[in-house]
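One structure is given here, and the rest of the page talks about it.
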Amino acid sequence: MAALGGSKHLDLEPRCGACADVIFEHERVVALYGNAGPDAHGYISHTKPFPYPLAHYTEAKVENKQLCTRPGCELYRLPGFQRRIPEAVTVHYACFSIYMHEAVPTLGRDAAEQRLFTTGLYRNPWPRAHPLSLTDAYYMSRSALSKTASISGLPQLGAYPAELLEMIRQSSNHSIFWRTISAIAFAERACATSPNPLLVVPIYEIDSWERGGMLERWTPPDHLPTADSELDNLSLEATSSLSPRRAVVRLTIDAEGIQKIELLRDRPPYIRERTASIAYMVEELATLKGVEAYFQDGLVQLYCKSGYPSLRIWDTPAPPSLSQCTIFADKKRPWRHFRTVEFDSITGLTFFYWKGALLGIHPHRVNDPCAGTSFDRLSKRQPAAWIHYPISPSDKILIFGTRPVEVGVNILIRSRLSGDVVIGSWGRGTAADTWRRKEPTTLIYGDPPFSCPIAYIGTYCRYLPNKQQLFNPNPDSDSLLSSSSSSSLVVSPSSSLPVTPTETGVGSDPRARHKVDRPFTSFTKHVPRLPIQQGTLLYFSVASLRDVVSVQIFYAPLVPRTAPNTTHPHNLEVGYLSENSTTEGIILHYANGGSRALGQVKLHVDNFVEVKNPTHALLEPHGFKKRKRAWIVFVSDPERNEAEPGEGVSRGPVRNITYWPMKWGGALRFWFNETEQHIGFRYDD
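See the structure below:
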């Protein structure tokens, strides 16, 4: 076998090359590695088993090889260095052992390892592409299922219908049982197919290709250049003229790698179609100079001799132009995988923050209501805070913007019924607030690599013209886009005062509507003295208590006398205000149809109780026995005697409770982070 090329650097990916499941930190794995490049594209060997290192941890070594888990490692971008860095495929050690046990008798050890290396490598559309979080339909091989079930002492599972098996798998999808089935099924496919030699084809020579089909090649007319070096010097217009349908390249990518290659005449207009199981790359042919396609064993991967261009991957086959979308872009971080969210197709958004950094966004849909699926992709070392933004069916997003702060970026949202909301840390704005001038219909964000912050946020309006005029109320502010003449941004100076949401547009009281002209102005009055250490990072949320028609209180853990996730019988003595439970989050629904969320709302994760038409709120604001955890109870009791505002009452095991009739209005304010909460009332001005 060839030498390692002088490099001791192994670039690892948290995805198993055999079962395709995620690899968690500290799981035992092996790394299969081989030389990269057109002249040395082959398997070399594999390492001994080792625990998968922590994300971004660069000190781990195995067999004198440096283990790297940094997405987009800068070493690979050095001129010529990518030729000397071996490509690696990471495999669960258990899956590797199972696969080899099944495949070696048919293929032999060397061929089995070569097939595993090639298949795992070609799951990426090009070498060291950032891993794509694609949901793949689980391949339930009946023979692999029967074999695994028999070994596990559960032979009856082999007779279960597919629907029931999928329900069982969804509740334990990372278990060794399902990984074993996948590894055996992968070995069966490897043994049933014949290997093919490596075929290298320049991208401009491909007319079309689809996995399982034949490669259709294009031959240019005699008067046009045939060498790739000559094509490199052609302009975009000249390249487009090579064929009536050769201006744009579109790749279709699934969990197995590139599924389809198409050559299109023009960039397709944006459509609402999106999918979580398929990704797409849509780029002009002129931007792919020097790119070649490597075909082997029925699979394909792109390779570029001189380094890779900025290829963008989408969840839609017809993405919009980013020049019409960008409101936040951190050019120091990778953001090449873009996701689109149609605001009229979701019931809310959950933002995952860790130490002020925005790590992920989960759009709540009817078929995907729980944000736990997105949270599972985050690092286990990052106990992120869940900040929920509910969107009621009758509401509409009017503004979606960003505000850079000292430790990350805050999200600015204005809706027709719920008013202005700032999502993120209680801090100071470090740059201008930015949002698009027209009402957004689509959210676009860069899905970050494992454990990295989101580095791109944008919005798109399907009704916007292609050319728009920039509106900038602060001419001294730097424009976010280099080509701002074709954008429609609002860049508003961010206040240097503490960043908090304005309490506008909530409820039906005219006094609670748009008290300020400029959106997202800092609220500076009645700032409380919180029992926290200086420098503690907190997130902040606020909601009006006027015209509330129902409230959902989320507890973790909940110790109720009634079943969780049911409507509360509006009885204070029910016991859900318990020393052993804490208020994690609250959703308030208003008479005008709007909704607001406070604290950490974990839909379909934490238990909750619901109170219809609440009349009173009882609050123990700063925790019990100095645990920095808060409790709040809402009750519906129109006959309850009135008390003076802020009067302390004593009831049950918890003392110093603040008693607040809802008819007083005011606002409920919730400060929190990953470990503590503080709740307080405020009177209307």
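Heads up: the sequence shown is residues 1133 to 1817, going by this note's numbering.
The beta carbon of each residue, even a glycine, is placed where N, CA and C say it ideally should be.
May I ask which residues mark the beginning and end of the alpha helix (DSSP H) holding residue i?
| i | result |
| --- | --- |
| histidine 1178 | Element bounds for histidine 1178: not the alpha helix (DSSP H) but the beta strand (DSSP E), 1174-1178. |
| phenylalanine 1766 | Segment 1763-1767 is the beta strand (DSSP E) holding phenylalanine 1766; no alpha helix (DSSP H) there. |
| leucine 1575 | Run containing leucine 1575: none in the alpha helix (DSSP H); it sits in the beta strand (DSSP E), 1574-1578. |
Under a three-way DSSP split, which group does residue i fall into?
| i | result |
| --- | --- |
| isoleucine 1313 | helix |
| proline 1793 | strand |
| glutamate 1298 | helix |
| cysteine 1323 | helix |
| glutamine 1732 | coil |
| serine 1442 | coil |
| alanine 1775 | A caution first: alanine 1775 carries a pLDDT of 49, below 50, which makes its placement in the model too unreliable to give a value. |
| leucine 1420 | helix |
| glutamate 1195 | coil |
| tyrosine 1225 | helix |
| phenylalanine 1672 | strand |
| isoleucine 1335 | helix |
| serine 1583 | coil |
| serine 1453 | coil |
| phenylalanine 1182 | strand |
| phenylalanine 1318 | helix |
Classify residue i as buried or exposed, calling it buried when 16 or more other Cβ atoms lie within 10 Å of its own Cβ.
| i | result |
| --- | --- |
| serine 1547 | buried |
| alanine 1324 | exposed |
| asparagine 1167 | buried |
| proline 1536 | buried |
| threonine 1267 | exposed |
| glutamate 1348 | exposed |
| aspartate 1610 | Confidence at aspartate 1610 is low in this model, with a pLDDT of 32, below 50, so its placement is unreliable and the value that follows should be read with caution. With fewer than 16 Cβ atoms within 10 Å of its Cβ, aspartate 1610 is classed as exposed. |
| isoleucine 1493 | buried |
| lysine 1180 | exposed |
| glutamate 1295 | exposed |
| glycine 1345 | exposed |
| methionine 1232 | buried |
| histidine 1224 | buried |
| isoleucine 1385 | buried |
| isoleucine 1283 | exposed |
| glutamate 1808 | buried |
Rounding to the nearest angstrom, what Cα-Cα distance links residue i and residue j in this structure?
| i | j | result |
| --- | --- | --- |
| aspartate 1552 | arginine 1728 | 10 Å |
| glutamate 1484 | leucine 1510 | In the sequence as displayed, the identity of residue 1484 is phenylalanine instead of glutamate. Rounded to whole angstroms, phenylalanine 1484 to leucine 1510 spans 9 Å at the Cα level. |
| proline 1572 | phenylalanine 1804 | 29 Å |
| glycine 1812 | arginine 1801 | 5 Å |
| tyrosine 1671 | aspartate 1527 | 24 Å |
| glycine 1137 | proline 1334 | Here the model assigns glycine 1137 a pLDDT of 41, short of 50, so the residue's position is not dependable, and the following value carries that caveat. One C-alpha to the other measures close to 25 Å. |
| tyrosine 1412 | leucine 1750 | 52 Å |
| methionine 1794 | glycine 1480 | 26 Å |
| valine 1236 | alanine 1163 | 18 Å |
| histidine 1520 | glycine 1717 | 9 Å |
| leucine 1454 | leucine 1677 | 40 Å |
| valine 1154 | glutamate 1145 | 9 Å |
| proline 1495 | tyrosine 1687 | 22 Å |
| tyrosine 1402 | histidine 1158 | 42 Å |
| serine 1131 | glutamate 1752 | Absent from the model: residue 1131. The displayed extent of the chain is 1133 to 1817, so no value can be given. |
| lysine 1463 | arginine 1406 | 26 Å |
| valine 1221 | tyrosine 1165 | 6 Å |
| arginine 1569 | tyrosine 1791 | 43 Å |
| leucine 1239 | glutamine 1246 | 10 Å |
| leucine 1730 | proline 1400 | 41 Å |
| lysine 1392 | tryptophan 1341 | 6 Å |
| phenylalanine 1156 | tyrosine 1184 | 7 Å |
| valine 1765 | valine 1554 | 25 Å |
Verify the CB distance criterion: does residue i have a CB-CB separation below 8 Å to chain C?
| i | result |
| --- | --- |
| aspartate 1398 | Here chain C cannot be found, since the structure has a single protein chain. |
Hey, quick one: how far does the beta strand (DSSP E) through residue i stretch, first residue to last?
| i | result |
| --- | --- |
| isoleucine 1410 | Neither: isoleucine 1410 is in no beta strand (DSSP E) and is coded neither H nor E. |
| isoleucine 1390 | 1389-1396 |
| tyrosine 1435 | 1431-1436 |
| glutamate 1571 | Element bounds for glutamate 1571: n/a, residue is neither H nor E. |
| threonine 1472 | 1469-1474 |
| glutamate 1145 | Element bounds for glutamate 1145: n/a, residue is neither H nor E. |
| phenylalanine 1813 | 1809-1814 |
| isoleucine 1718 | 1715-1722 |
| isoleucine 1589 | 1588-1592 |
| alanine 1749 | 1748-1752 |
Q | Within the stretch 1505-1564, ranges of the beta strand (DSSP E) (whole runs, at least 3 residues) | A | With a minimum length of 3 residues, the continuous beta strand (DSSP E) runs that stay inside the stretch 1505-1564 are 1517-1522, 1529-1537, 1540-1547, 1551-1555.
**Q.** Runs of alpha helix (DSSP H) wholly within the stretch 1227-1307 (minimum 4 residues, chain order)
**A.** Taking only runs of at least 4 residues, the alpha helix (DSSP H) segments lying wholly in the stretch 1227-1307 are 1241-1253, 1274-1283, 1294-1302.
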